[in-house]
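Trainee: Count the sequence shown with my numbering and you get residues 168 to 458, in order.
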Amino acid sequence: MNAPKILPDWLDDVKLSITPTIGDLQNPIANSILWQACHDALLVDIPKFGRVVASKNELVISENAAQKWNNLIPFLRSLPLVAMTLLRGGFSMNAAAVAGPDGAILLCGATTTGKSALALALMKRGMRLMGDDAVSMFVDPDGNANLAPIWPQMRLWPDTIDGILGKIHPEWITPASPPANDVPYWDISDDAYESRLMPIKAIYSLRTERRAEKADFSPGPTGIARLSHNILPPYNALISNVFFTPTQLLQTYAATSHAPFKYIDMAQREISEIENAADIILQEHKCPTTI
C-alpha cells in the first residue's frame, strides 16, 4: 500500500493494513471512552478520523482514518505505539528523552511540567532528541535498560521555541506541515535525532508543586525503592496494567536502579529557569555534545 512511514525503525516488521470498517474487540478486559483492550490488542477510537487496532506485529487502520494521514500520524505514535511497545515487552512512559554519544537523559513528569521545553534546551546545547511526550524503554537479556527512539518530532508552542532558540531557528528544527493540532508539531532533522537504542545515563523527574526562586535539584529515592515513588510514570496506567505484568515492572525498575535520579522542581517554568536547568544537567553528567 502507498503509505508514509509512520513508525520508528525498530517497528519496521509491523504489518500495516487498511480495512473498510473496524468493529469492537471481542471480550475486552479493559476499556475507556476512546479505547478497548484485550490480552493481545488495543482498539483506539480517534475522534473525527476513525479507528485503529494495534497488536504486537500489526497495525490495522480503518479506511476513513487512512484518508487523513497527515492528521492521523501523531495519534498513531501515542496509544497505538504504547500498546505495541508493551506487547513487545517494553515499557512506555510519559516522558521526553535526549541523548549524547554515551547515553540518554530521561525527563519524566506530568503533562505541562516542562519536559519538552527542557529537552529542547538540551538539544540547543548539542544533545539529540529520542522522544517527546512518549518514550519507550526495553530491558535487554543482560538486564540493561535502553531507551528506544520514537520519532524526530516535537510538540511545542512557537513562543517556547522562540524563547529558547531565538527568532531565527537553527536548521535542525522546522514547522511540521500541515499543523496537526492546536499545539504545533516541529520536525527535527536527522543530525539532531538519535535513531539508535541508547543506555540510560540519568533520570530526572520534573515537578511544579513546590515554589522557589529558580529550578531546584534534589536527590530522589535510590535502588528499587523508586518503584513505590512511581518515578517512571506509565504513559497510560490502565493500558499498562493490561499488557505489562508486575514482574516486568519490577525488572524495569531493577534495570534502571543504577542510573542517577533527581527531582527538578520547576518553580516558575520560565525560559531562564529551563535554560538554567539544562546547564546544570550538562554539568552534572559532563555530557559531550554532537550537534
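We put the CB at the ideal spot given by N, CA and C, even for glycine.
Let's test the definition: count the other Cβ atoms within 10 Å of the Cβ of G310 and tell me whether it reaches 16, buried, or not, exposed.
Mentor: By the neighbour-count rule (16 or more Cβ atoms within 10 Å), G310 is not buried but exposed.
Trainee: L405: buried (16+ other C-beta within 10 angstroms of its C-beta) or exposed?
Mentor: exposed
Trainee: Considering only their Cβ atoms, is the gap separating S407 from P413 smaller than 7 Å?
Mentor: no
Trainee: I believe M290 touches V265 by the beta-carbon criterion, under 8 Å. Please report the beta-carbon distance rounded to the nearest angstrom.
Mentor: 6 Å
Trainee: Taking its Cβ as the centre, do 16 or more other Cβ atoms sit within 10 Å of T279, making it buried, or is it exposed?
Mentor: exposed
Trainee: What residue does the alpha helix (DSSP H) around I448 start on, and which one ends it?
Mentor: I438 to H452
Trainee: Whose C-alpha, out of Q320, D358 and I367, is nearest the C-alpha of V350?
Mentor: Checking every option, the nearest Cα to that of V350 belongs to Q320.
Trainee: Would DSSP call C418 helix, strand or coil?
Mentor: First, the residue type needs correcting, since residue 418 is Gln and not Cys in the sequence shown. When secondary structure is reduced to three states using DSSP, Q418 falls in the helix class.
Trainee: What residue from S439, D207 and G217 has the CA that sits closest to L201's CA?
Mentor: G217
Trainee: Any beta carbon from chain C within less than 7 Å of L253's own beta carbon?
Mentor: Here chain C cannot be found, since the structure has a single protein chain.
Trainee: Give the range of the beta strand (DSSP E) segment to which D383 is assigned.
Mentor: D383 to P386
Trainee: Consult DSSP for N238 and reduce its assignment to one of helix, strand or coil.
Mentor: helix
Trainee: Would A382 and N443 qualify as a contact pair, given that the criterion is a beta-carbon distance under 7 Å?
Mentor: yes
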